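J.:
Chains as they are written, first to last, in my numbering: chain A, 62 to 355; chain B, 14 to 361.
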């Protein structure tokens, strides 16, 4: 209200998402809060002064004189930490034009945070080279030709209709309609090798129902593993089920992710079934070990 | 809601009192000039407690109260003077946000929506919106979500802010069992896409950095308060810790052979993988590396953590140097192989 004198009470109500009556009630109540008397105070009266006429006739909020803060309070520690880490998170998918805007924002927020020395800091990350084309294709609804690295290192070229960039588990994905598979697909940004933007515009398909079914239709393989309890907290996003005290069961959509999980937590996970899963993991570690011996 | 209104009025009243004093008010001054305190029928101890709580609430809203301790203070805070400095607690007048900036700020805030922080972010956005133009720009095609693994982020953040010690259970990379840790947290930093907490580890009394992702369960804020160490060489604790990690990474370079067009390349690129040099002299005699594999280098901080990562790529990545990292990766692969292929003894 101080920064926008004469703002309509209806706008303020909308801004704070409260009824207009609440705004006017709080606003008029301001005049009943006494200004503390101390030897230093030289204000003409002991109450805040508002423009009653503007309020009554125009529904406008205007403060004539006040002894309080004259500008918006700074962000507290927590707010600052959340906003700057959110901005930093966006940097990975920011376009060439947005990156300098984010840098300026980070600077502005720093001067406007409650602490001069921030206790939250983020290292600059390398920016993905393909982002500009992807963002442009998204906003202009143009198709993209991409080459994509699949799980077994199979590189495919496909034309996609990009729908949305989303993040899950700290990774960014491009949700799209894939013309090669004629189905919805999510592409990990990290695994898109190259992109070429086409001049062809596409009509956005209404495929969100298909999306759900296409996902649930993918047959999961249920893999049972013996687990060292110490790593249980680190695999919580795997939707595991306990079979007994030692064994858990996880749904696996592709053996690649299973192989990586088991080798990442070497010795803490042992695949017990099905046999083809055991074989895949054995082969993975064998192939790797063979590279180290001539 | 007369109760709620009286809290709001009391706080407003307190802000009035503290914002217009130039030399600060003593606690006794405050308790006598702010009506809600002076008119209260409660005893002095509870009124003082109410004042302490009110200070916390104001601070949570970004309004820091400055305290001046009189010279030769003998620990008696009756003479301390409190005030709110307009310059320090409000956004500098030159800070405003245009529509494009507002849109990005909104998007950044939305990344936390799923982390149960909407109320806190609401208040942050109110403040920022008051300084900005209302944004007509929206990003319909970008949906960020801060990883849930950082659920302890805000607990640690508030412990840093309150200078309170924290305790947590930690699984050190490469370790086979967890340890209990007690830390004076000083900074949160993201390095190589991982959140770290930096502080003084109380078992060793030394500065240490921990990965948030390796904390098991919840971080607990303890009652014990501490005095944060003063900035080192003019740098904040966070700057110091981040530079320390970067320096460490600069000193640790792994020399790799990577399978072209593999998932490993895409993932490691994000972590700074660079294709460089010719490492044939290193590997030709010793290792069985397919000819198409590419020479690459990458910096790393923690060899145990990095060995976990590299081992998971299986045959897609071969570590040439340093030997310690290579041995760590081989050891992991052997463990996995032994567990799954024990009967055939690793043979084909």
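For each residue, glycine too, the CB sits at the ideal point set by N, CA and C.
All of these numbers come straight from a predicted model, not from anything done at the bench.
Is the beta carbon of residue 101 of chain B less than 8 Å from the beta carbon of residue 74 of chain B?
T.: Taking 8 Å as the Cβ cut-off, residue 101 of chain B and residue 74 of chain B do not qualify as a contacting pair.
J.: Can you find the residues in the same chain that come closer than 7 Å, C-beta to C-beta, to residue 320 of chain A, ignoring five residues on each side of it along the sequence?
T.: 341, 342 and 345.
J.: Got a sec, what are the start and stop residues for the alpha helix (DSSP H) residue 301 of chain B sits in?
T.: Note, residue 301 of chain B: premise wrong, no alpha helix (DSSP H); not H, not E.
J.: Which residue wins for smallest C-alpha separation from residue 328 of chain A, given the options B/228, B/103, B/354 and B/117?
T.: Of B/228, B/103, B/354 and B/117, the residue nearest in Cα terms is B/354.
J.: Count the other CB atoms, across all protein chains shown, that sit within 10 Å of the CB of residue 274 of chain B; report buried if there are 16 or more and exposed otherwise.
T.: Its Cβ being crowded by 16 or more others within 10 Å, residue 274 of chain B is buried.
J.: Would you say residue 314 of chain A reaches chain C, if we count a Cβ-Cβ gap shorter than 8 Å as a contact?
T.: As a matter of chain content, chain C is missing from the structure shown, whose protein chains are A and B.
J.: Does the contact criterion of 3 or more C-beta pairs under 8 Å hold for the region 100-115 of chain B versus the region 169-180 of chain B?
T.: Not touching, per the Cβ criterion.
J.: Using 8 Å as the threshold, is the region 304-311 of chain B in touch with the region 262-269 of chain B, meaning 3 or more CB pairs across them?
T.: Enough Cβ pairs lie closer than 8 Å, so yes.
J.: Between residue 240 of chain A and residue 220 of chain A, which are expected to be in contact by the criterion C-beta below 8 Å, what is the C-beta distance as a whole number of angstroms?
T.: Contact flag correct, Cβ pair sits at about 5 Å.
J.: Determine the closest residue to residue 138 of chain A out of A/180, A/169, A/211 and A/123, with distance taken between C-alpha atoms.
T.: For residue 138 of chain A, the nearest C-alpha among the options comes from A/180.
J.: Quick check on this structure: which residue in B/205, B/227 and B/328 has the alpha carbon closest to the alpha carbon of residue 284 of chain B?
T.: Nearest C-alpha to residue 284 of chain B: B/205.
J.: Give the range of the alpha helix (DSSP H) segment to which residue 407 of chain B is assigned.
T.: Within the shown structure, residues of chain B are numbered from 14 to 361, placing residue 407 of chain B beyond reach of any answer.
J.: Using 8 Å as the threshold, is the C-beta distance between residue 67 of chain B and residue 27 of chain B below it?
T.: Yes, these two residues count as a Cβ contact at 8 Å.
J.: Looking at the secondary structure, which residues open and close the alpha helix (DSSP H) in which residue 26 of chain B lies?
T.: From DSSP, the alpha helix (DSSP H) with residue 26 of chain B extends over 15-32.
J.: Is the distance from the Cβ of residue 36 of chain B to the Cβ of residue 72 of chain B below 8 Å?
T.: No, Cβ-Cβ distance for residue 36 of chain B and residue 72 of chain B is not below 8 Å.
J.: So for residue 220 of chain A, helix, strand or coil by DSSP?
T.: Reduced to three states, the DSSP call for residue 220 of chain A is strand.
J.: Taking residue 300 of chain A as the query, report the chain B residues whose CB atoms sit under 9 Å from its CB, ordered along the chain.
T.: Going along chain B, no residue has its Cβ under 9 Å from residue 300 of chain A, so there is no contact; the nearest lies around 14 Å.
J.: On a Cα-Cα basis, can you pick out the residue from A/78, A/76, A/266 and A/312 that is closest to residue 225 of chain A?
T.: For residue 225 of chain A, the nearest C-alpha among the options comes from A/266.
J.: So that I know if they touch, is there some Cβ in chain B lying closer than 8 Å to that of residue 203 of chain A?
T.: No, residue 203 of chain A lies away from the interface with chain B (no Cβ there is under 8 Å from its Cβ).
J.: For a contact meaning CB atoms closer than 8 Å, what does residue 133 of chain B contact in chain A?
T.: Correct list: 139, 140 and 143.
J.: Got a sec: which bits of the region 188-215 of chain B sit with their beta carbon under 8 Å from any beta carbon on chain A, in order along the chain?
T.: Within the region 188-215 of chain B, the residues whose Cβ lies closer than 8 Å to some Cβ of chain A are 189, 190, 191, 199, 200, 201, 202, 203, 204, 205 and 206, listed in chain order.
J.: Can you give me the C-alpha to C-alpha distance between residue 258 of chain B and residue 199 of chain A, rounded to a whole angstrom?
T.: Between residue 258 of chain B and residue 199 of chain A, the C-alpha separation is close to 36 Å.
J.: Does any C-beta atom of chain B lie closer than 8 Å to the C-beta of residue 64 of chain A?
T.: Chain B, which has a Cβ nearer than 8 Å to the Cβ of residue 64 of chain A, makes this yes.
J.: Taking the alpha carbon of residue 337 of chain A as the reference point, which residue from A/283, A/300 and A/86 has its own alpha carbon closest?
T.: If we check each option's Cα against that of residue 337 of chain A, A/283 comes out closest.
J.: If contact means a Cβ-Cβ distance below 9 Å, which residues of the region 91-103 of chain B contact chain A?
T.: Under the 9 Å Cβ criterion, the region 91-103 of chain B contributes 97, 99, 101, 102 and 103.
J.: DSSP on residue 361 of chain B, reduced to helix/strand/coil?
T.: Here residue 361 of chain B scores only 39 on pLDDT, less than 50, and its place in the model is too uncertain to base an answer on.
J.: Quick test of the definition: if touching needs 3 or more C-beta pairs under 8 Å, does the region 324-336 of chain B touch the region 291-309 of chain A?
T.: Too few Cβ pairs lie closer than 8 Å, so no.
J.: Using the beta-carbon of each residue, which ones in chain B are nearer than 7 Å to residue 352 of chain A?
T.: Residues of chain B passing the Cβ test: 300, 301, 302, 328 and 331.
J.: Identify every residue that forms a DSSP beta bridge with residue 236 of chain A.
T.: Answer by DSSP bridge pairing, in chain order: A/225 and A/247.
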